[in-house]
Amino acid sequence: MTRFSARLAATVMGLLCVGGFLGVSRAWAQTPADGCVSCHAALPQPELSGPATAFRTDVHSERGFRCVDCHGGDPTTQDKARAKDPARGYRGKPTGQQIVTTCARCHSDAAVMRKFAPALRIDQAAEYATSVHGMRLASGDRKVATCATCHQAHGVRRVKDARAPVFPTNVATLCASCHANAEHMKGYTLSGGAAIPTNQHAEYQKSVHFNALTKQNDLSAPTCNDCHGNHGATPPGVGAVSNVCGTCHAVFATKFATSAHSQIFERACVECHSNHAVLAASDELIGTSKDALCFTCHEGADDAGFVAAGRMRASIEKLKTSLAANNELIARARNAGMEVGTEELALNEARTKLVLARTEVHAFDPASLDAVVAEGTKILSGVEQGGNRALSELAFRRRGLFISLGAILLFVVALALKVRSLGKAAADAAPR
Amino acid sequence: MARIIDWVDERLDLSDIRHFIAEKGVPIHTQKIWYYLGGMTLFLFLVQIASGILLLLYYRPSADEAYESVQFIVTQVEFGWLIRNIHSWSANLLILAVVAHLFSVFFLKAYRKPRELTWITGVLLLFVMLGFGFSGYLLPWNELAFFATKVGTGIAGAVPLIGDALMRFLRGGDDVTGATLSRFYALHIAILPAVTTLLVAVHLLFVQRQGMSVPIPIAQRMKRGERFRQMPFFPDYILRDVLLWYVAIALLAALAAFYPWELGRKADAFAPVPPGIRPEWYFLAMFHTLKLLPSHIFGIEGEVVGVVGFGLAALGLLLVPFLDRRAARDEPSPLFTALGIGGLVYFVALTIIGHLAS
Amino acid sequence: MPARFDRRGCLDSLLGAGFVSTLVAMAYPVWRFLIPPASGEPVTQSVVAAQASQVKPNSGMLFKFGSRPGLLVRTQEGELQAFNAVCTHLDCTVQYKADTSQIWCACHNGLYDLSGNVVSGPPPRPLERLVVNQRGEDVVVSRA
Chain A
1 MTRFSARLAA
11 TVMGLLCVGG
21 FLGVSRAWAQ
31 TPADGCVSCH
41 AALPQPELSG
51 PATAFRTDVH
61 SERGFRCVDC
71 HGGDPTTQDK
81 ARAKDPARGY
91 RGKPTGQQIV
101 TTCARCHSDA
111 AVMRKFAPAL
121 RIDQAAEYAT
131 SVHGMRLASG
141 DRKVATCATC
151 HQAHGVRRVK
161 DARAPVFPTN
171 VATLCASCHA
181 NAEHMKGYTL
191 SGGAAIPTNQ
201 HAEYQKSVHF
211 NALTKQNDLS
221 APTCNDCHGN
231 HGATPPGVGA
241 VSNVCGTCHA
251 VFATKFATSA
261 HSQIFERACV
271 ECHSNHAVLA
281 ASDELIGTSK
291 DALCFTCHEG
301 ADDAGFVAAG
311 RMRASIEKLK
321 TSLAANNELI
331 ARARNAGMEV
341 GTEELALNEA
351 RTKLVLARTE
361 VHAFDPASLD
371 AVVAEGTKIL
381 SGVEQGGNRA
391 LSELAFRRRG
401 LFISLGAILL
411 FVVALALKVR
421 SLGKAAADAA
431 PR
Chain B
433 MARIIDWVDE
443 RLDLSDIRHF
453 IAEKGVPIHT
463 QKIWYYLGGM
473 TLFLFLVQIA
483 SGILLLLYYR
493 PSADEAYESV
503 QFIVTQVEFG
513 WLIRNIHSWS
523 ANLLILAVVA
533 HLFSVFFLKA
543 YRKPRELTWI
553 TGVLLLFVML
563 GFGFSGYLLP
573 WNELAFFATK
583 VGTGIAGAVP
593 LIGDALMRFL
603 RGGDDVTGAT
613 LSRFYALHIA
623 ILPAVTTLLV
633 AVHLLFVQRQ
643 GMSVPIPIAQ
653 RMKRGERFRQ
663 MPFFPDYILR
673 DVLLWYVAIA
683 LLAALAAFYP
693 WELGRKADAF
703 APVPPGIRPE
713 WYFLAMFHTL
723 KLLPSHIFGI
733 EGEVVGVVGF
743 GLAALGLLLV
753 PFLDRRAARD
763 EPSPLFTALG
773 IGGLVYFVAL
783 TIIGHLAS
Chain C
791 MPARFDRRGC
801 LDSLLGAGFV
811 STLVAMAYPV
821 WRFLIPPASG
831 EPVTQSVVAA
841 QASQVKPNSG
851 MLFKFGSRPG
861 LLVRTQEGEL
871 QAFNAVCTHL
881 DCTVQYKADT
891 SQIWCACHNG
901 LYDLSGNVVS
911 GPPPRPLERL
921 VVNQRGEDVV
931 VSRA
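Read top to bottom, the protein sequences are chains A, B and C.
Just so we're aligned, residue 1 is where the first sequence starts under our numbering, counting upward by one.
Just so we're aligned, residue 433 is where the second sequence starts under our numbering, counting upward by one.
Just so we're aligned, residue 791 is where the third sequence starts under our numbering, counting upward by one.
Encoded structure:
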């Protein structure tokens, strides 16, 4: 070996040693923190690298949890066989019921949850077991939703995070990912034997609830879980619908409960207002015309219900007409410059009565409805008086003006006569 | 009454004034009816000052409160509706009188030598009155006024070279805001009244010094030695003037009661422009002309051409006494009469067409 | 000539009377205009809602604020609060419920607490709060 080649070999060896030392020490420094992530993140297959990348933004990762806390194994080694050795606790990818047990290991443990998120509930797994999803899963159906389906296994976000699939505005789309998929829902039936429909999401998107939630930013508007339950998701049973709707629409539920209809209609509110496609209600729903809902059961003037429906609709229409007429009267007075503030306030009250009347309809009792409408009518008669008073004040002004106009015109006539007499006097006196 | 005048005379020596009043006369001829228009204009302006000062006691010139204060005047203050409506109606009658006065003076060629400066101050007063109308219209801060001002000041932006600066100056900023209201308020109650006082003083000084102008045929007859009877100003002419002023008061009161001015809705800068927005009738002819002009004329923007055209017309109007050589020599000037008729027809026709188009 | 003279004198006195009466007809409205009206000033920013002694603890009363209703509440502790009494759900007028010390909307059972925040029911937004001040016995409510 020449001196040059010896020196070259030594340099290369030295570099290799340094590089190897640096590399090893780097790997050694990283190993306690990264473990599984450092390997999986570099893998080309998305199903293997995805979870590692997603976990970076996971709420569990924030709290210091790592892959091994759910999957087990040895995070300190780079060697795949040793890392995933079942002897070292490796549990692998949980499937089916295992998913629930994995999550519930912490989330149903009060002591653990108190340490990390004391405000969270710990009964989700128990609730889930009572749900249709939970019961089917227990009997071996792998197609149903589990914790990971809705909350996602990796990259879990808080419910309050607007990007979370379980954030109120995202819930419907999440449920629809299975429930609107005809292929996925094939084979599932309702208790009567009919296939479970897959149009709920489409129907829901027509509803006022969907509109309120997504377009008017009203997060209190209901989505799937508000009526069907969260973890214990089951369609509301017979007799429970009224309570479910009544959670928010309390007054309507109370009034409905007093009516004869509550004894007849099992599906309560849903009977007239539908369950998913809840549209904006209008006065057209009540009455005796063919478009009215009442007509579905009550036909013919010999039917007491038909008569009642007609009476109720007429009552409401009367109030509406009176309200419109008085609105116009007050607008006219205001435009003419009259002070009608008190009457405008009273119109607000009358409008309130109309809203209350529409609530009262749900008792399906013409007498009680007439009572509310009568209150509104009384207020409106006061408004009418005020409005007419304003208009008569206007007329009074015009009459007053006639009088002063008369005085002015009298003066003008006198002045004209004076001018003429002056002219005559000047003509008499002027030299020819 | 006579005793009071004597008391003042002892201290101030009113003999010149007394002599002047006793001697002042108005020539009697077939066209003397037009002489009353000047006095009527002055009277209506005085009505504006009086009603304006009364409104000033309650009006609040801020974008937050202007509308409410006018509403307050009209609904809560006793006879507030009367004062406000008189102010609004008299504004329109005043502009009508100014325009009629202008046209009558024009057709009678009263602008000719030696009355050139009377004419110039008069035309300037016309512009000032239009300024009063434009600035006052915004003050109630209602929807119609807000958008009319937006459109009107936008047109000012079409003036070549200084247009943008002019628009920013008028608006007090880039948009019509409370700053515009403050500016227009200052214009309406201080700046324009001061300018008017000056112009009216000069205008009336000239009229008193030079006496009433007579139509050219009469002037020619006078030159040939014919004498015309004079009506003594006091008491004959002034009583007739007062008579007409009383008729004007009666008309204003009737209009105030039977056709009260609407207040409309409070201005909302973020609301869309209501369709068919247009200015008051006295701007309608100009506005509609701009609407009819094509978008480009010989490569220049149509609006710019229109605005420049109006500017040139205004300049022409000011300089009429110096352009009409024949009238200066007391000779009939049919060309200018024809121009005047053309102008009048154009103004009336475009106003009517503009009104019907909306 | 006596007859002519009488007529002229008559005309003059008629003129004088006419002048004076028209002057009065014009001066009277101006004089009434100058006297400040009872309602004080335009309600843009504030209004006297009530007298302090009228509002008892744990009670509420409606008052007129411009063209809208307002609600003045005195809490159990004696503090005064004022709100725009228009419910944020469907514009019904709210009222004070003394038994639960909450603000209630009769239309659809909306409930607000004494800060105007929604406790339950359909209202999507809290009640608009107004500023309350006391000027002697007057309770003055102004826009925030």
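We put the CB at the ideal spot given by N, CA and C, even for glycine.
- Chain-order list of chain C residues neighbouring A414(A): L801, L804, L805, G808, by C-beta distance under 8 Å.
- Taking one beta carbon from each stretch, the region 689 to 702 of chain B and the region 498 to 510 of chain B have 3 or more pairs nearer than 8 Å; the two touch.
- According to the DSSP assignment, C895(C) belongs to the beta strand (DSSP E) that extends over 892 to 895.
- Near chain C, meaning a CB-to-CB distance below 8 Å, the residues of the region 502 to 514 of chain B are Q503, F504, Q508, V509, E510, F511, G512, L514.
- For A212(A), same chain residues with a beta-carbon under 7 Å away, outside a window of 5 residues either side, are D218, A221 in chain order.
- Scanning its chain for C-beta atoms nearer than 7 Å, with the 5 sequence neighbours on each side dropped, one finds around R63(A) the residues F116, in chain order.
- Taking a contact to require three or more Cβ pairs closer than 8 Å, the region 528 to 548 of chain B and the region 442 to 458 of chain B do not qualify as touching.
- Neighbours of R672(B) in chain A, taken as residues whose beta carbon is under 7 Å from its own, are V419 in chain order.
- Taking 7 Å as the cut-off, the Cβ atoms of P711(B) and Y617(B) do not count as close.
- For F715(B), the uninterrupted alpha helix (DSSP H) segment begins and ends at 713 to 724.
- The continuous stretches of beta strand (DSSP E) do not include N225(A), which lies in the alpha helix (DSSP H) extending over residues 224 to 228.
- The region 875 to 887 of chain C and the region 840 to 855 of chain C touch, with three or more beta-carbon pairs separated by less than 8 Å.
- Where G734(B) is concerned, the enclosing alpha helix (DSSP H) starts and stops at 734 to 755.
- Counting only unbroken stretches of 4 or more residues, the alpha helix (DSSP H) elements lying wholly within the region 109 to 149 of chain A are 110 to 116, 124 to 130, 132 to 138, in sequence order.
- Taking the Cα positions, H787(B) is about 55 Å away from D903(C).
- For the 7 Å CB-CB criterion, H620(B) and S567(B) form a contact.
- For G850(C), the uninterrupted beta strand (DSSP E) segment begins and ends at 849 to 855.
- Using a CB distance cut-off of 7 Å, A336(A) counts as an interface residue toward chain B.
- CA-CA distance, K160(A) to R121(A), rounds to 15 Å.
- In this structure, N326(A) lies near E384(A), with their beta-carbon atoms less than 7 Å apart.
- Contact of L323(A) with chain B is not assigned, every C-beta pair being separated by 7 Å or more.
- In this structure, L476(B) and S522(B) form a Cβ contact; the two beta carbons are roughly 5 Å apart against a cut-off of 8 Å.
- In this structure, the beta-carbon distance from S910(C) to L917(C) does not fall below 7 Å.
- Distance from K541(B) to A759(B) at the Cβ level is roughly 4 Å; contact confirmed, criterion being Cβ atoms closer than 8 Å.
- In terms of Cα proximity to T223(A), the closest of A153(A), N170(A), V59(A) is N170(A).
- The three-state reading of DSSP puts R925(C) in strand, counting E and B together.
- With respect to D762(B), I648(B) sits close: the two C-beta atoms are nearer than 7 Å.
- In the DSSP assignment, L861(C) falls within the beta strand (DSSP E) that extends over 858 to 864.
- The region 316 to 333 of chain A and the region 387 to 405 of chain A touch, with no fewer than 3 CB-CB distances between them shorter than 8 Å.
- Proximity of L486(B) to chain C, defined by a Cβ-Cβ separation below 7 Å, is satisfied.
- DSSP places N243(A) outside any beta strand (DSSP E); the residue lies instead in the alpha helix (DSSP H), whose first and last residues are 241 to 246.
- Rounded to whole angstroms, F564(B) and P459(B) show a C-alpha spacing of 33 Å.
- At least one CB of chain A lies nearer than 7 Å to the CB of Y678(B).
- By alpha-carbon distance to L683(B), the top candidate from K582(B), I623(B), L444(B), N524(B) is N524(B).
- Residue contact check for L219(A) against chain B: no CB pair falls below 7 Å.
- The residues Q200, E203, Y204, in chain order, have a CB closer than 6 Å to that of H276(A) in the same chain once the five nearest residues on each side in sequence are set aside.
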